[in-house]
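Asker: Number 359 in the UniProt record's numbering belongs to position 359 of the sequence shown; there are no gaps in the numbering.
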Amino acid sequence: MAALISVPLKKTYEVDLVKPLRTFIQNTFTQANSDDYNQALSEFNKLRNTMITKSVDKHESALEVLYRYYDQLVAIENKLPIAENQIRVQFKWRDAFDEGSFLSGKRTLAIASAAYEKVCLLFNIASLQSQIAAAQNQENNDGLKLTVKLFQQACGIYGHLKDIVLSHVQQDPTPDLNPDTLSALSSLMLAQAQEAIYRKATQDKMKEAMIAKLAYQTSELYSDAMKLMQLGSIRDLWPKDWLPTVVMKQAGFHAMAEFYQSIVAQQTKSYGEEIARLQHAQELLAASQNRGGATFNFKAEQAKIQRALDTATKDNNFIYHDKIPDLKTLQPIGKAVVAKAAPVAQPMSTKFTDLFEKIVPLPVHEALTAFENRKSQIVSMEVGRLRNATEMMNSVLASLNLPAALEDLSGERVPQSVLEKAQQIQELGGLTKLDKLMSDLPELLTRNREILDESIKALDDEERSDVQLREQFKERWTRTPSASLTKPMRDEAMKYKNILDTAIQADHIVKNKYDTHKNAIALLSKPKAELETALPAASAAGSLQNSAVVKKLRDLIEQVNTIKAERDVIEVEVKDAKCDMSSKFFAALASEGMINEEAISQAELDRIYSPLREQVSDSIHRQEMVLAQIQNANTEFCNAKTSNQNAAQRETLLKDLAAGFDSFMELKSNIEEGTKFYNDLTPLLVRLQTKINDFCFARKTEKDELMADLQKAIVNTPSQAPPITPRYQGGPPQDNNSNAPPIPAPRNAPARPPPPRPPPPEVPTSTPAAAGGSAPSGATSTPNPPATSSAPSLPYPVNPNQPGMTQNPFGQPGNFPGGNWQAPYPPQPGQGYPMPQMPAGYNPYNPYMGYPAQNAYPQQGQNPPGYAPPYGQPYPYPQQQPPQAGYPYPGYPGQQYR
1 MAALISVPLK
11 KTYEVDLVKP
21 LRTFIQNTFT
31 QANSDDYNQA
41 LSEFNKLRNT
51 MITKSVDKHE
61 SALEVLYRYY
71 DQLVAIENKL
81 PIAENQIRVQ
91 FKWRDAFDEG
101 SFLSGKRTLA
111 IASAAYEKVC
121 LLFNIASLQS
131 QIAAAQNQEN
141 NDGLKLTVKL
151 FQQACGIYGH
161 LKDIVLSHVQ
171 QDPTPDLNPD
181 TLSALSSLML
191 AQAQEAIYRK
201 ATQDKMKEAM
211 IAKLAYQTSE
221 LYSDAMKLMQ
231 LGSIRDLWPK
241 DWLPTVVMKQ
251 AGFHAMAEFY
261 QSIVAQQTKS
271 YGEEIARLQH
281 AQELLAASQN
291 RGGATFNFKA
301 EQAKIQRALD
311 TATKDNNFIY
321 HDKIPDLKTL
331 QPIGKAVVAK
341 AAPVAQPMST
351 KFTDLFEKIV
361 PLPVHEALTA
371 FENRKSQIVS
381 MEVGRLRNAT
391 EMMNSVLASL
401 NLPAALEDLS
411 GERVPQSVLE
421 KAQQIQELGG
431 LTKLDKLMSD
441 LPELLTRNRE
451 ILDESIKALD
461 DEERSDVQLR
471 EQFKERWTRT
481 PSASLTKPMR
491 DEAMKYKNIL
501 DTAIQADHIV
511 KNKYDTHKNA
521 IALLSKPKAE
531 LETALPAASA
541 AGSLQNSAVV
551 KKLRDLIEQV
561 NTIKAERDVI
571 EVEVKDAKCD
581 MSSKFFAALA
591 SEGMINEEAI
601 SQAELDRIYS
611 PLREQVSDSI
621 HRQEMVLAQI
631 QNANTEFCNA
641 KTSNQNAAQR
651 ETLLKDLAAG
661 FDSFMELKSN
671 IEEGTKFYND
681 LTPLLVRLQT
691 KINDFCFARK
701 TEKDELMADL
711 QKAIVNTPSQ
721 APPITPRYQG
731 GPPQDNNSNA
741 PPIPAPRNAP
751 ARPPPPRPPP
761 PEVPTSTPAA
771 AGGSAPSGAT
781 STPNPPATSS
791 APSLPYPVNP
801 NQPGMTQNPF
811 GQPGNFPGGN
821 WQAPYPPQPG
831 QGYPMPQMPA
841 GYNPYNPYMG
851 YPAQNAYPQQ
861 GQNPPGYAPP
871 YGQPYPYPQQ
881 QPPQAGYPYP
891 GYPGQQYR
């Protein structure tokens, strides 16, 4: 039997997987421990390099390496998305059927996509399976079993690739990944699997009827493969011996099916059918031999069938005398469909372990991030409600000068609450600390703004360059447009820009509040003596010290302090609420294949924060009731006091000091939060900038490679088609009335000799008057000497009416201007045949002589003044160049094909 066909491997190039994957993990999984992935990254990179080197080994151990790498690619699909707009790793693979050298292959495709890497790797897995299957010992039972198994697996992989390749590779793939190519390879692998099953059946000496069905099914599968392989789009892709082998096996296995069915006919004593089938088998093997040529390897079977036919014919002629039926009347042999495409296994390796099992899948991580964002919004909302209510309560108390008015009944001493507030401000750094925090904010804002602006500018520059090159090269600029890749990064940059704009507005509010209360904060930052001096004295109101209204106000102020203390506890509970959502999201991903994050998160957040929301609402409601009572009591208290101008000034200043203290605490908290916000935002912007810079660098590298390929293609592409080869130089005949382009002659074809040139005519010594001119100077008038026997004979046509004269190629003999055609001159050594003197009106550039008619050539009777045609000069004409080495067809005078 003929050797089995194995598919060549795609070749790839080494890439660095460690750096881009580590950068993505550090930027995305910020909580991940570096020990969880550093070793895994090194192993993953090593696994790919091992895959490249092991692919050349035609052994199952090499397949195991490819299996492990493919399984790892599948495992990280939901964890580390390798794509043009995510983790950008450029995978470059060469066409498997490209006959160029490894370093200068013509058909290569590079895409930053793990899906493309998986497709190419699956192709190599199937190709290596075919190589290992073809290398097995076909005479061994175990070898045949492994052959069948591997060919069926390869068939399944090629069929799977045919269905997914266009969705995974978002541009025109290399020819080996064309769906038509993959369909043909899948069909070929299935036919070879069936062939191995047929061989095993013959070795196991199964019944001839079953073997005949197996052989016929093998022939049918090779017929399907032959049809697919002969599609016009892929016919020229295959190695030169593939098609002859397939068409040879298609006829050969049909012949073997007829042979084994003839044995069945012999067993049933249908001797005529036996002979008919043997004759048909003999015809099929003859066709197989004719089709396969050197690949034909059914010689032993051919001899066996011939012997069987001779024996059956002899026995039938002498013994049975059975009638030989027509082939059309015979029953079909039938098919035994045994070989089938094996599904792609998941995982392929039985020993696979995920190197990145400690990193959660990206959908789970994104769901956790979304949950944390929802939780942060709830926390911010509830804490904001508490703080706004407290701020309003403080402002109401400050406007009423409480509790300072209750402590300042003497009108001379600084109220104890004011002293406590002043001491607290001084311990926190006072106005100096606040000024320092305020001065740092613009610098932090400017730093973040510059990082963001530089990142956006880098994206704009890269996209502008891509658009310019796309407009320049049109459809030849095949890489993905920048606009479709940079959208996620631009959305992220716009999100940060909006955040910065909101922060700028908040900074303005803080600055205005700072300017309003700066003087009061400055007074509270001074020592106690200066504070006492700044307060004006007022008349005493000691009679109200033990009054009911004062007691009531003090009770209400105590309730206010209680509400503030409760709110501090509630705020801590709101901020510290915890919930492990990983298990819930993992369970949803495992059961449904997707995560409905919004529904799951909303249900859990409602469970956690509903009681806390109720506590916040209750605290705000109690505040409203207490403030209403304080306002009524304070009105009664103010009416009971005696007022004067100093008392009003003192009360106003005490109110300002109370408001200043509240503003200081609020401003300090706000500015510290703003400082933390800007400092936390900086690494996020730096990560975005790093991602953008890496993207722009990768795109620049891709641009440089594509530019180099385009420049090489432009240099190697001829600017215009070569001129049409003249007919006298062996070119194909051209139809002057047709607009069809000329058919170029093959470059390596042997040079065709020019058509025979007629002998020069006899020229008289003087030009006839009808010719309208005289002979050119230097022309001889000696008549043409007769040809001698030593002159070589030329293939000129001979005029049968006038022996010794050649046939006039223009139609009528002897009717050529200047005289009749004579026998050719004897050749001159090294010069060919000299041209005789011609009449002045003769046009040597007549189109009938084989030269293309051009307006620049002089016509008969229109010679320009001073024009002297090269009569009498030896052939070839001057300036006509002989064929150069490597150019079998000479061009026009002074020209060469390129």
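Here a beta-carbon is modelled for each residue, glycine too, at the ideal position from N, C-alpha and C.
Please state if the CB of Ala367 and the CB of Ile211 are separated by a distance shorter than 7 Å.
Answerer: Along the sequence shown, one-based indexing puts residue 211 at 211. Along the sequence shown, one-based indexing puts residue 367 at 367. Not a contact, by the Cβ cut-off of 7 Å.
Asker: Counting along the chain, where does the alpha helix (DSSP H) carrying Thr369 start and finish?
Answerer: Taking the first residue of the sequence shown as position 1, residue 369 is located at position 369. From DSSP, the alpha helix (DSSP H) with Thr369 extends over 362-399.
Asker: What span of residues does the beta strand (DSSP E) with Phe91 cover, start to end?
Answerer: The residue labelled residue 91 in the question sits at position 91 within the sequence shown. Run containing Phe91: 91-94, per the beta strand (DSSP E) assignment.
Asker: Specify the secondary structure class of Ile82 as computed by DSSP and reduced to three states.
Answerer: Against the sequence shown, residue 82 aligns to sequence position 82. Ile82: strand per DSSP, three-state reduction.
Asker: Measure the C-alpha to C-alpha separation of Leu9 and Asn49 and round it to an integer number of angstroms.
Answerer: Position 9 of the sequence shown holds residue 9. Position 49 of the sequence shown holds residue 49. Cα to Cα, Leu9 sits roughly 16 Å from Asn49.
Asker: Evaluate Leu4 with the Cβ neighbour count: other Cβ atoms within 10 Å of its Cβ, from every protein chain shown; 16 or more gives buried, anything less gives exposed.
Answerer: Here residue 4 corresponds to residue number 4 of the sequence shown, with the count starting at 1. Leu4 should be labelled buried.
Asker: If contact is defined by three or more beta carbon pairs under 8 Å, each pair taking one atom from either stretch, is the region 335-348 in contact with the region 281-299?
Answerer: Contact between the region 281-299 and the region 335-348 is absent, because fewer than three Cβ pairs lie under 8 Å.
Asker: Return the CA-CA distance between Gly429 and Asp662, expressed in angstroms with no decimal places.
Answerer: Position 429 of the sequence shown, counted from the first residue, corresponds to residue 429. Position 662 of the sequence shown, counted from the first residue, corresponds to residue 662. Going by the C-alpha atoms only, they are around 15 Å apart.
Asker: If you draw a straight line from the alpha carbon of Val247 to that of Met256, how long is it in whole angstroms?
Answerer: The residue labelled residue 247 in the question sits at position 247 within the sequence shown. The residue labelled residue 256 in the question sits at position 256 within the sequence shown. Near 14 Å, if we compare the C-alpha coordinates of Met256 and Val247.
Asker: Between Ala265 and Tyr271, what straight-line distance do the alpha-carbon atoms span, to the nearest angstrom?
Answerer: By one-based count along the sequence shown, residue 265 stands at place 265. By one-based count along the sequence shown, residue 271 stands at place 271. Approximately 7 Å, taken between the alpha carbons.
Asker: Measuring alpha carbon to alpha carbon, tell me which of Glu450, Leu63, Ser484 ends up nearest Asp466.
Answerer: Translated into the one-based positions of the sequence shown, residue 466 becomes position 466. Measuring from the Cα of Asp466, the nearest candidate turns out to be Ser484.
Asker: Does Cys579 pass the burial test, meaning 16 or more other C-beta atoms within 10 Å, or should it be called exposed?
Answerer: As a working note, residue 579 is residue 579 in the sequence shown. Cys579 is exposed by the Cβ-count criterion.
Asker: Return the chain-ordered list of same chain residues with a C-beta closer than 8 Å to the C-beta of Gln331, the five sequence neighbours on each side being excluded.
Answerer: Along the sequence shown, one-based indexing puts residue 331 at 331. So the list is empty, once near-sequence residues are dropped.
Asker: Please give me, in chain order, every unbroken run of the alpha helix (DSSP H) with length at least 4 that falls completely inside the region 182-246.
Answerer: Taking only runs of at least 4 residues, the alpha helix (DSSP H) segments lying wholly in the region 182-246 are 208-229.
Asker: Among Tyr260, Asp555, Thr268, Ser223, which has the Cα closest to the Cα of Ala209?
Answerer: By 1-based counting over the sequence shown, the position of residue 209 is 209. Nearest C-alpha to Ala209: Tyr260.
Asker: Does the region 310-317 come close enough to the region 368-382 that 3 or more CB-CB pairs lie under 8 Å?
Answerer: Verdict: no, contact absent.
Asker: Looking at the strands, I want to know which residues DSSP matches up with Ala110.
Answerer: To locate residue 110, count along the sequence shown from 1; it is residue 110. Lys92, per the DSSP bridge assignment.
Asker: Rounded to whole angstroms, what is the Cα-Cα separation between Glu597 and Asp57?
Answerer: Start at 1 with the first residue of the sequence shown, and residue 597 comes out as number 597. Start at 1 with the first residue of the sequence shown, and residue 57 comes out as number 57. Cα-Cα distance, rounded: 47 Å.
Asker: Quick one: what does DSSP say Ile714 is sitting in, helix, strand or coil?
Answerer: Mapped onto the sequence shown, residue 714 falls at position 714. Correct three-state label for Ile714: helix.
Asker: Please determine, among Pro20, Gln26, Asp16, the residue with the shortest C-alpha to C-alpha distance to Leu684.
Answerer: Start at 1 with the first residue of the sequence shown, and residue 684 comes out as number 684. Minimum Cα distance to Leu684 is reached at Gln26.
Asker: Which residue wins for smallest C-alpha separation from Asn178, given the options Ile509, Asp95, Thr202?
Answerer: Locating residue 178 in the sequence shown gives position 178, where the first residue counts as 1. Nearest of Ile509, Asp95, Thr202 to Asn178, Cα basis: Asp95.
Asker: For Thr562 and Val510, I'd like the C-alpha separation in whole angstroms.
Answerer: Start at 1 with the first residue of the sequence shown, and residue 562 comes out as number 562. Start at 1 with the first residue of the sequence shown, and residue 510 comes out as number 510. Cα to Cα, the separation comes out at about 28 Å.
Asker: To which residues of the same chain is Arg554 closer than 7 Å at the C-beta, ignoring the five residues directly before and after it?
Answerer: Counting from 1 along the sequence shown, the entry for residue 554 is found at position 554. Leu406, listed in sequence order.
Asker: What's the gap between the Cα of Ser610 and the Cα of Glu391?
Answerer: Within the sequence shown, residue 610 is the residue found at index 610, counting from 1. Within the sequence shown, residue 391 is the residue found at index 391, counting from 1. Those two C-alpha atoms are separated by around 24 Å.
Asker: For Pro792, does the count of other Cβ atoms within 10 angstroms reach 16, so buried, or fall short, so exposed?
Answerer: As a working note, residue 792 is residue 792 in the sequence shown. Note that Pro792 scores a pLDDT of 39, beneath 50, so its modelled location is shaky; the value from the coordinates is reported in the next line. Flag for Pro792 reads exposed.
Asker: Tell me whether the region 223-230 and the region 179-196 touch, counting them as touching only if at least three CB pairs, one residue from each stretch, are closer than 8 Å.
Answerer: Judged by Cβ distances under 8 Å, the region 223-230 makes contact with the region 179-196, as three or more pairs qualify.
Asker: Could you tell me if Gln131 is buried or exposed, where buried requires 16 or more neighbouring beta carbons within 10 angstroms of its beta carbon?
Answerer: On the sequence shown, residue 131 is found 131 positions in, with the first residue counted as 1. Per the 10 Å Cβ criterion, buried.
Asker: Skipping 5 residues on each side, what residues in its chain have a beta carbon closer than 8 Å to that of Leu17?
Answerer: Counted from its first residue, the sequence shown places residue 17 at position 17. Only Leu41, Phe44, Asn45, Arg48, Val89 meet the Cβ criterion.
Asker: Would you mind reading off the limits of the alpha helix (DSSP H) that contains Arg68?
Answerer: Taking the sequence shown and counting its residues from 1, the one referred to as residue 68 is at position 68. First-last of the alpha helix (DSSP H) with Arg68: 60-75.
Asker: Who pairs with Ile87 in a beta bridge, going by DSSP?
Answerer: Locating residue 87 in the sequence shown gives position 87, where the first residue counts as 1. Paired residues: Ile82.
Asker: Can you grab the Cα-Cα spacing for the pair Arg447 / His508, in whole Å?
Answerer: As a working note, residue 447 is residue 447 in the sequence shown. As a working note, residue 508 is residue 508 in the sequence shown. If I take the Cα positions, the gap works out to 18 Å.
Asker: By how many angstroms is the C-alpha of Ser439 removed from the C-alpha of Gln416?
Answerer: Stepping through the sequence shown from its first residue, residue 416 is reached at position 416. Stepping through the sequence shown from its first residue, residue 439 is reached at position 439. Near 32 Å, if we compare the C-alpha coordinates of Ser439 and Gln416.
Asker: Could you tell me the boundaries of the alpha helix (DSSP H) in which Cys155 lies?
Answerer: Working through the sequence shown from its first residue, we reach residue 155 at position 155. 141-168 is the extent of the alpha helix (DSSP H) around Cys155.
Asker: Can you tell me whether Gln86 is buried or exposed? The criterion is at least 16 other CB atoms within 10 Å of its CB, across all chains shown.
Answerer: On the sequence shown, position 86 is the one that residue 86 refers to. Classification of Gln86: buried, given that the 10 Å Cβ count is 16 or more.
Asker: Name the one or two DSSP bridge partners that Thr12 has.
Answerer: Here residue 12 corresponds to residue number 12 of the sequence shown, with the count starting at 1. Its beta-bridge partners are Trp93.
Asker: For the region 420-435 and the region 657-672, state whether three or more C-beta atom pairs, one from each stretch, are separated by less than 8 Å.
Answerer: Yes: the two stretches touch, three or more of their Cβ pairs being nearer than 8 Å.
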